[in-house]
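Residue numbers (mature numbering (1 follows the signal peptide of the UniProt record, and there is no 0)): -34 to -1, 1 to 708.
In this text, a Cβ means the ideal position worked out from N, Cα and C, and glycines have one as well.
Each remark here refers to the structure printed beneath this line.
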Amino acid sequence: MAAFFFPFRFTSQSFSSHLLLFTLVLSLARPNLAAYVQRQDCLPLLAASGQQLSSQPQLAPDSLSAFLENDDQGTSLEIQITGHYPDLTSCDQILRQNVSTGVTLAQLGGSHRYPGAIANTSCYPSPWAQNGSKQLVNRLKILFRVDRPHLLAAFTLNVDVRGADDLPTACLNSFLTPSIGSTAYGVCLWGPSAILLLVVLAAGWREISIPGQPTDEEENVSGSPGSSRVYLTRIADCLSYIQFVFFSGALSLRYPGFLQPVVSPSSWSTLMLPRGLVIRDSVYYGVNDGIYEVNGTFGGTPGLELMTQVIGAPVTMATWANIISLAFVLLIFLFGVIQLGLSLRWTRDWFREASFWTLDKSATDRYKATAWVALRVFLSYFLMPIVAWTTYQLDRASFLPKYYTVLTCLVITLVLVACWWGMSQRSPQNMGYLIIDNFEDHATGSARNQDVFTLATFLLLIARGTAIGGLQAVATPQLILLIGCEVAQLGLIVWAWSVSGLLSRGSMVPCARLTVLLACIGMIPGISSYEASSAIGYSVLMFHALVLVVLFLVPSLYEIAELAMAKFQSQSAIRPFQDEERPQVFGLRQLRRRPDTRNNLSIQGMHSFDRDSSASSNTPSSLSARGSSSESGPSDPELLRTYFRSPRPETTTARLMERSHRDKASEGFSLDESQSSNQSEAAPVPAELPIPSPANPTVDYAFREADLYYGRPRRVSFHQNGPSASVSTTFMQTLKSWARWR
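Structure, rendered in structure tokens:
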């Protein structure tokens, strides 16, 4: 029976008229009617194939509706056929027709035919008759008992009406997709959401746990914290792949019925919600009477339109208005969060000190920098879906209002201007901070190459969105362009890292997308059968789940477990001797709030220094020290809060004269004694001030505490070293690196 399915395509006017009629039928439908199912009259195909038809009058079908319900005894299928007999002129003739019915449900793995019982038949004049002609409508209500469908089932449905001679008088082909159920819908909705939440949690924890930039020795160890920012770019990779899961099911392909219901719950990643901020009412039911009520299953309908019907979202114009409104609210929210973080005391230092949140000091520049940061976050995560949904409006511009098309062009222009402004305000590589990991290159011009790589990455995001939304009318060029974008992305990786870059972590997500797109070739209308498309659809769904688990869930859980273990060990470890033998290590946030001390940075040394200072407060040297400190003015609380050590006071003329008198008084000393005296004079602490002895003599304070935070400056690199310059690692280190995907 599957041989009767021949997909066809509508023209633009045909699609708009069918969609308008479908919307009108749904808006006027009563709750007691079954769900609308798009049908195809297959009786002409039977006649063309040479099969004998019944001698009774033939029924010309006008519409098909279905109702599917599971109960304790099994599954009941109710089908309603509405049609007319061109050769009959009275209802008596129609009602006397002796017909029998049957339905064939075919899916991957086989087909089965079920006999039906006509529960009700009726005849009435057609309300759609034109030119005063009288046309009678016959409605058949048929009941079937079928096997309970399994999870993620999708059927090709063939209904045949036979006369008294057991030959067909009517034949209808259709697609029937039962509802996946609330449990499966919840898994499809909250599964990707939970994975993304874990990725964000792991990235945030890793970001706040890194005290500073690593040294070169730490960079050579793949598992060292802070060696790369892959924990940040993993957020963009995870979100972009969830978006790809949704859009890969919204192309203009011939999908099996179960695929779009499974991927549709991830629409939130593209800012599309079933009920938006502006328009919440919809004429689409999504799931109605146990099946997915969609129009356009035989091809010719844009994939985004079918996805909108499956979700039950408003029509095209209303959906896009909701998406743009949500995008604007999200952009304002990002700006407010960043600006609030700069204003609060306990978050101000983090926003100022983090390497990718560096903001200017003046109010105007601060607002400008805040807008740039918010725009970078928004474009890094949502550039592709915004372009896809906006260009899709232009694809349907032939039957949309003119002002709507102008507004769509304005939004596209604003998006392009925002990308240009973000690239021009900082370097392109700064715009790509959240989506591109650090590079390792020692060739000249690496910064320029990284700018080119980032710019090309953003251009590919725009190209993907344009292909998804702007080429909905042509399935094959749309798929070819998307495959070309992934090949170009891999080509950029080869250009940046050489051929070995194809085995790097940065190429895994493009390779995963390319694999899915190559599999979608089998879903182009007319290439494969519905059973083959179903097999491809199941494979694609399993591949999506595998990618989300292996590339994002497992590394995030490993990251969280590692950070939790390190936190637990740092809190539970008993180190009585280590605390006395080595100085305390302070982060920059702690250093900026520490009291103004001299040289002993340990807590015990600070208390010892306070005792020594108070004991010598009556000596002339202490008075001299107090006098010198009073000359520079009282300590500013803001300076004590901001700096680890207060700024050096300016040298006055009186101070210089006093120093010259002391130099003349020391002319009788030897040259060595004179040099040592001058060095003691130039020191910030007077020579008479007793230097406090360390609390623990075994502690060595000869190092600079700033080295504990800053280390040696990192060298931003782009290309990969040759084989001779590669750092040898053990097997366990390599295995640990790949297990963490860091």
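Residue range Ala441 to Trp463 is occupied by the alpha helix (DSSP H) that includes Leu445. When DSSP states are grouped into helix, strand and coil, Asp37 belongs to the strand group. Gly215: not part of any alpha helix (DSSP H); DSSP gives it neither H nor E. In this structure, the beta-carbon distance from Ile490 to Leu445 falls below 8 Å. Ranked by Cα distance from Pro10, the first of Cys137, Tyr80, Val516 and Ala150 is Cys137. Nearest C-alpha to Val229 among Cys154, Trp463, Ser145 and Gly302: Cys154.
Collapsing the DSSP output to three states places Val244 in coil.
Buried is the label assigned to Leu514, since at least 16 other Cβ atoms lie within 10 Å of its Cβ. It is roughly 7 Å from the alpha-carbon of Phe213 to the alpha-carbon of Ile434. A direct Cα-Cα distance of roughly 15 Å separates Val372 from Ile290. In the three-state reduction of the DSSP assignment, Val515 falls in the helix class. When DSSP states are grouped into helix, strand and coil, Ser175 belongs to the helix group.
In this structure the stretch 73 to 85 does not touch the stretch 144 to 164; the number of beta carbon pairs closer than 8 Å is below three.
In this structure, DSSP gives Val249 a state outside helix and strand, which the three-state scheme calls coil. For Ile108, the uninterrupted beta strand (DSSP E) segment begins and ends at Leu102 to Val112. Three or more beta-carbon pairs separated by less than 8 Å link the stretch 521 to 531 to the stretch 160 to 169, which places the two stretches in contact. Minimum Cα-Cα distance from Tyr358 among the listed residues Leu345, Tyr369, Cys375 and Ser346 corresponds to Cys375. The three-state secondary structure of Phe299, taken from DSSP, is helix.
In the three-state DSSP reduction, Ser145 falls in the coil class, being neither helix nor strand. Of the residues assessed, Pro52 falls on the exposed side of the cut-off, its CB having fewer than 16 other CB atoms within 10 angstroms.
DSSP, read as helix, strand or coil, puts Arg479 in helix. Close CB contacts of Glu35 within its chain, under the 6 Å cut and outside five residues either way in sequence, are with Ser42 and Gly256 (chain order). Counting the other Cβ atoms within 10 Å of the Cβ of Asp113 gives fewer than 16, which makes it exposed.
Excluding sequence positions up to five before and after Thr432, its CB lies within less than 7 Å of the CB of Val353 and Thr357, all in the same chain and listed in chain order. The Cβ atoms of Thr199 and Asp403 lie closer than 8 Å to each other. When the alpha-carbon of Gln209 is set against those of Ile526, Leu300, Leu162 and Ser56, the nearest one is in Leu162. Shown here, Val65 sits in coil according to DSSP, grouped into three states, outside any helix or strand. Straight through space, the alpha carbons of Ser66 and Asp132 are spaced by roughly 8 Å. If you check the CB distance, Leu447 and Leu456 do not come in under 8 Å. The stretch 291 to 298 makes contact with the stretch 222 to 240: 3 or more CB pairs, one atom from each, lie closer than 8 Å. Relative to Leu507, the option among Ala485, Glu528, Ala527 and Tyr496 whose CA is nearest is Ala485. Per DSSP, Ile277 lies in no beta strand (DSSP E) segment; the continuous alpha helix (DSSP H) that holds it begins and ends at Gly269 to Ile277.
Counting along the chain, Gln359 sits inside the alpha helix (DSSP H) bounded by residues Ala329 to Asp361. Pro222 counts as buried, since no fewer than 16 other beta carbons sit within 10 angstroms of its beta carbon. Taking the CA atoms as reference points, Lys100 sits about 20 Å from Leu106. Contact between Tyr250 and Ala284 does not hold, since the beta-carbon distance rounds to 11 Å and is not under 8 Å.
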